[in-house]
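**Student:** To start, I am sharing the structure in question, which I have written as structure tokens.
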Amino acid sequence: MTLEESIKMTVEGLDLYLYDIVTTREHDRNIFRVYITGKDGVSLDQCAHVSRLISPILDIDEPMNGVYTLEVSSPGIERKLKVLDHFKASVGELVKIKDIANEKFKGKLLKVEGSNVFVDTKFGEEKVDFDFIESAKTYFEW
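Numbering-wise (this note's numbering), the sequence shown opens with residue 566 and increments by one.
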């Protein structure tokens with residue numbers, strides 16, 4: 566079982582969803598970020614609980630050569646969309662998508678059918694094939 570599978574199993578055992586795992590370096594520190602979500606969002610207490618539960622897993626299967634800071638949080642209101650499930654869970658939200666041809670789509674995510682993502686842009690409903698998406702994220706108009 567991979568490290569990600571172990572973390573996913575632990576998170577799902579709490580009736581939560583593993584949104585993403587990101588490793589990064591900030592201010593000369595390695596950071597191992599675990600993003601989680603739930604049906605009704607996720608609380609600070611749930612993040613702390615997940616952190617306590619996965620810490621022993623990380624002690625055995627150390628990421629980043631064992632030198633890292635663990636952060637567990639919600640992916641936030643403005644978050645990256647990397648897999649089809651992220652898009653499906655974000656239907657009705659505002660999104661920005663860039664495809665491999667460098668075309669940009671900005672608007673309300675209407676639906677996901679098969680591997681097609683449908684966005685209501687200022688030009689009307691536009692279809693984007695997931696396989697050609699280079700980057701995507703939700704955004705919030707303040």
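Ideal placement from N, C-alpha and C gives every residue a C-beta, glycine not left out.
Let me check understanding here. Comparing Cα to Cα, which of Phe597, Lys692, Phe683 lies closest to Asp630?
**Tutor:** Looking up residue 630 in the sequence shown gives position 65. A quick correction: the sequence has Asn, not Asp, at residue 630. Minimum Cα distance to Asn630 is reached at Phe597.
**Student:** Is the CB-CB distance between Ile662 and Phe705 below 8 Å?
**Tutor:** Locating residue 662 in the sequence shown gives position 97, where the first residue counts as 1. Locating residue 705 in the sequence shown gives position 140, where the first residue counts as 1. Result no, Cβ atoms of Ile662 and Phe705 do not sit closer than 8 Å.
**Student:** Measuring straight from C-alpha to C-alpha, what distance separates Asp685 and Lys604?
**Tutor:** Position 120 of the sequence shown, counted from the first residue, corresponds to residue 685. Position 39 of the sequence shown, counted from the first residue, corresponds to residue 604. Cα to Cα, the separation comes out at about 25 Å.
**Student:** Tell me whether Val684 sits in a helix, a strand or coil according to DSSP, three-state version.
**Tutor:** For the purposes of this step, residue 684 is taken as the residue at position 119 of the sequence shown. Three-state result, Val684: strand.
**Student:** Please give the ranges of any alpha helix (DSSP H) in the region 598-662, keeping only runs that are unbroken, at least 4 residues long and fully inside the region.
**Tutor:** The qualifying runs are 609-625, 649-654.
**Student:** Expressed to the nearest angstrom, what Euclidean distance is found between the alpha-carbon atoms of Phe652 and Asp626?
**Tutor:** Residue numbering aside, residue 652 sits at position 87 when the sequence shown is read from its first letter. Residue numbering aside, residue 626 sits at position 61 when the sequence shown is read from its first letter. Roughly 30 Å between the two C-alpha positions.
**Student:** So the alpha helix (DSSP H) Ile586 belongs to, where does it begin and stop?
**Tutor:** Counting from one through the sequence shown, the residue named residue 586 turns up at place 21. Ile586 -> not in any alpha helix (DSSP H); beta strand (DSSP E) instead, spanning 582-591.
**Student:** In angstroms with no decimal places, state the Cα-to-Cα distance between Glu699 and Met574.
**Tutor:** Your numbering for residue 699 matches position 134 in the sequence shown. Your numbering for residue 574 matches position 9 in the sequence shown. Cα to Cα, the separation comes out at about 28 Å.
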